[in-house]
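I have placed the structure first, in the form of structure tokens, so that the comments after it can refer back to it.
Numbering (the UniProt record's numbering), first residue to last: 1 to 328.
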């Protein structure tokens with residue numbers, strides 16, 4: 001029974017077990033009870049407030065790496081989440097989403113316009129954003145639908161979730177992300193609905209985008225890009241992708257037929273938005289991220305710690321290589 005043990009017994013058992021580090025068999029001898037009853041004593045000590053378990057504060061962000069990213073790469077915002085090495089991609093995304101959401105929320109101003117991209121890491125981030133109806137932003141889908149299979153991590157679904165959570169409204173780009181002819185793209189751009197979307201892009205305060213690589217993007221994963229298109233982009237020097245726009249090492253959009261068939265925010269529009277945050281995981285993205293920064297359309301980053309270190313090392317190595325070439 002609960003009252004069959006005195007507070008002195010509970011205090012003694014708790015002290016011996018939690019402070020002195022004795023095993024339950026030893027605690028039983030001191031308290032004069034059977035070993036089987038020690039766990040009950042300890043549970044009662046917690047229930048009565050004799051034992052209060054506290055967890056030391058955990059800092060999920062690596063502030064030193066954040067400072068280095070801002071200084072070395074010239075970023076306005078850097079959010080680096082500490083993670084274990086070699087986490088499976090799904091667990092890595094969950095960790096980023098859980099611990100970066102609070103920092104991301106601080107970037108959203110009341111009644112602001114947000115251009116929002118899609119992707120699994122952005123999805124994990126938005127899933128952890130807390131409800132705050134008073135912010136009332138306008139969320140604008142930054143790219144058309146990749147294909148007819150709408151996933152929870154596509155921009156239109158993420159945008160609806162975020163707008164509901166923040167008490168805002170969602171503006172969709174109800175077109176394919178890619179059409180097969182330039183004249184079709186031009187016809188879609190002339191529609192009143194798409195002109196409205198573009199007007200929002202031009203007035204956006206914040207953009208949240210993913211950064212892909214030529215061989216690792218939503219368009220290759222879902223087989224929208226054909227092999228001949230991939231090779232044409234490779235020949236044009238493509239190293240990265242943002243909102244369906246493929247760009248070279250200098251951050252300039254690759255001049256291929258693909259460029260004239262994409263329905264999404266332009267890189268030039270991203271460059272004019274005050275805060276453009278790339279949400280990135282994976283060590284293979286360093287060349288893409290560096291190119292996006294050089295292109296002037298990536299101004300901030302949310303990234304995992306191992307990938308941040310890879311990015312800084314890649315940047316340092318690139319600078320060293322350029323310096324060596326100049327000396328020659």
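C-beta: ideal position from N, C-alpha, C; glycine also.
As the structure is a computational prediction, the values presented were derived from the model and not from experiment.
- With a threshold of 16 other beta carbon atoms within 10 Å, residue 171 meets it and is buried.
- In this structure, the beta-carbon distance from residue 315 to residue 290 falls below 8 Å.
- Where residue 271 is concerned, the enclosing alpha helix (DSSP H) starts and stops at 267-272.
- Between the alpha carbons of residue 283 and residue 310 lies a distance of about 6 Å.
- Sequence-distant partners of residue 57 (beyond 5 residues in either direction) whose C-beta falls short of 7 Å from its own C-beta are missing from its chain.
- Residue 62 and residue 82 do touch by the CB rule: their CB atoms are close to 5 Å apart, below 8 Å.
- Residue state for residue 149 is assigned as coil, using DSSP reduced to three classes.
- Pairing residue 102 with residue 143 gives a Cβ-Cβ distance that is not under 8 Å.
- Cβ neighbours of residue 152 within its own chain (closer than 7 Å, five residues either side excluded): 123.
- Shown here, residue 310 sits in a helix according to DSSP, grouped into three states.
- Looking at the DSSP output, residue 264 shares a beta bridge with 143.
- Remark: fewer than three beta-carbon pairs, one from each stretch, lie closer than 8 Å, so the region 270-280 and the region 183-191 are not flagged as touching.
- Under the rule that a run must span 3 or more residues, the beta strand (DSSP E) segments found entirely inside the region 196-251 read 206-209, 240-242, 245-247.
- For residue 33, the three-state secondary structure derived from DSSP is coil.
- Residue environment analysis places residue 150 among the exposed positions, since fewer than 16 neighbouring C-beta atoms fall within 10 angstroms of its C-beta.
- For residue 303 against residue 73, the beta-carbon gap comes to about 11 Å, at or over 8 Å, which does not count as contact.
- Remark: C-beta atoms of residue 214 and residue 177 do not approach each other more closely than 8 Å.
- In terms of Cα proximity to residue 135, the closest of 113, 156, 87 is 113.
- Using a 10 angstroms sphere on the CB of residue 221, the tally of other CB atoms stays under 16, which defines it as exposed.
- Residue 209 is a Cβ neighbour of residue 242, given a cutoff of 8 Å.
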